[in-house]
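Here is the structure we will look at.
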Amino acid sequence: MASSGQNAAPLPYDTYQTSLTARYCSPQMARLFSQRSRHSQWRRLWLLLAESERELGITTITTDALEQMKQHLEVTDQDFEVARAEEKIRRHDVMAHVHAFGAVAPAAAGIIHYGPAQLITVGKRAAQWAQDLVFDLESIEHVRNGLLLRGAQGTTGTQASFLEIFSGDGAKCDQLNALLCKKTDFPACYDVSTQTYTRKVDLLVANAICGLGATAQKIAGDIRHLASWQEAEEPFEVKQVGSSAMPFKRNPMRSERVSSLARELLSKQATTANTLAAQWMERSLDDSAVRRMDLPEMFLLADAIIGSLDNITDGMVIYPQVIASRVQEQLPFMCAENIIMKLCAKGVSRQEAHEQIRVLSHQAAAVVKLEGKPNDLIDRIKATEFFQPIWADLDDMLRPELYIGRSVDIVERYCGTEGIAEKKIQRYRSAFEKAATTELNV
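Residue 343 in full-length UniProt numbering sits at position 343 of the sequence shown, and the numbers go up by one each step.
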């Protein structure tokens, strides 16, 4: 192996390179997913955000800032070196490239950012669950509405035997399939079939049904996390036992069951894809045994999952006081972004403000974690001269409602009586009204 300097970057011949880009995929696709393409796209998105904010009246974004951003949309080799050095310090690739962009577009350095996490309401989280479920509903509806009949196609899909029955009259073969479609209430037959309908159809169905499994596992996982924090709890019967050894336990066993069932459902997508991939020519029988299990079990699993989610969500309990207590513990950290924004509005660089508050935040976090004391971040900010321009605003910034953004509006717009979700499920409303909450057998 060729030797190189201690600090020199390794040569391509000295490190693993994927053969996909070296041998198999197109140059265009390789460039599309390159680091330069990826990080240059970040810069374009930051520019679009800045332009849009200025158009909506944010005057702190100057024309000079926008012009400098436009002139440096392509990440150069030198930019990568700056970002690489920054990432060694910050351990955060986005912030490293924020600093690299700010170095070549200094007039924009104070406005280039992505926002960190903030508070989220219970309703907003549930609205996200609802949207994922609506996506699943739309996917299932799309696949269901696209299902066609194989029809009378013969042993290899050429209709040869039917052509002989009808004395070579191809029109009657078409009429036969039209009659079959009418009698079975299918809109049409697939244009091309073999001995069977293509197993691609099974895969399309599996993709839709298994998507529901992924959503369900995500919802159940969230509920299990919320239960561990004692912010929420699934229904728990008076005589229900959480553990044979620990009588105090209140395990979210219904959500755990959903997670388990969903995991099995997700596996069906892979086997269905492999069944399609393994088909030989017009049809081979290695699809038979697995389809006997996978197709019915997909629907049985989905049915069990939906029933379990119905049971869980109908009886969920939320504990507002626990949530309020946790919010108060984290609120000083939550207001950090607002502090940065107020400083930026007064002309302070966002990167400088971010670094100052990052240091104080980690100091405050150490006090909480290592000493078990209350969060003293606000006291530290009040004692640091750098933050003097916003000292007078601090107390007013410690109101939780300031940090939920448009959560209430988002929930109402999506889940309200005139919301998007309501419109999507309207065609099923009568069925919902007739149905009772699912009772679990065990």
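Yeah, the Cβ is synthetic: ideal placement off N, Cα and C, and Gly gets one too.
Spatial distance of residue 439 from residue 298 (CA atoms): 21 Å
Complete alpha helix (DSSP H) runs within the stretch 70-153 (minimum length 4 residues, chain order): 77-90, 93-104 and 122-146
Whole-Å CB distance - residue 443 paired with residue 273, under 8 Å assumed: Residue 443 is absent from the structure shown; the chain starts at 1 and stops at 442.
Simplified DSSP state of residue 58, which is helix, strand or coil: coil
Beta carbon of residue 234 nearer than 8 Å to that of residue 305: no
Residue 69 and residue 108 closer than 8 Å at C-beta: yes
Under the three-state DSSP convention, the category residue 25 falls into: coil
Paired residues, beta bridge with residue 233 - DSSP: 317
Uninterrupted alpha helix (DSSP H) stretches inside the UniProt domain "Adenylosuccinate lyase C-terminal" (331-415) (no shorter than 4 residues): 336-345, 350-371, 377-382 and 407-415
Beta-ladder partner(s) of residue 210, from DSSP: Partner(s): none; residue 210 has no beta bridge.
Among 96, 329, 171 and 314, the one whose alpha carbon lies nearest that of residue 399: 329
Rounded separation between residue 423 and residue 414 - CA only: 9 Å
Touching by the beta-carbon criterion (3+ pairs, under 8 Å), the stretch 94-108 and the stretch 386-405: no
Supposed contact pair residue 189 and residue 149 - C-beta distance, whole angstroms, cut 8 Å: 5 Å
Residue 321 versus residue 286 - alpha carbon distance: 57 Å
Where the alpha helix (DSSP H) through residue 420 begins and ends: 420-424
Delimiting residues of the alpha helix (DSSP H) encompassing residue 432: 429-434
Contacting residues, own chain, Cβ-Cβ under 6 Å from residue 248 (five flanking each side not counted): Because the pLDDT of residue 248 is 48, which lies under 50, any placement of that residue in the model is unreliable, and the number read from its coordinates should be weighed accordingly. Cβ neighbours of residue 248 beyond the five flanking positions: none.
Other residues of its chain near residue 163: CB distance less than 7 Å, five sequence neighbours each side excluded: 170 and 173
Contact under 8 Å by Cβ, residue 60 with residue 436: no
Given residue 444 as reference, the closest of 177, 127 and 365 once Cα atoms are compared: A query on residue 444 cannot be resolved here, the shown segment of the chain reaching from 1 to 442 and no further.
Among 32, 293 and 45, nearest to residue 268 - alpha-carbon criterion: 293
Neighbour-count burial assignment, residue 86, 16 or more Cβ in a 10 Å radius: buried
Neighbourhood of residue 129 by C-beta distance below 6 Å, restricted to the same chain and skipping five residues each side: 219
Contact set for residue 154: own chain, Cβ-Cβ below 7 Å, skip 5 residues either direction: 160, 161 and 162
Sequence-distant residues of the same chain with beta carbon closer than 8 Å to residue 217, five excluded per side: 258, 259, 262, 263 and 266
Buried or exposed by the 16-neighbour rule on C-beta atoms within 10 Å, applied to residue 351: buried
Reference residue 232; option with closest CA among 429, 135 and 317: 317
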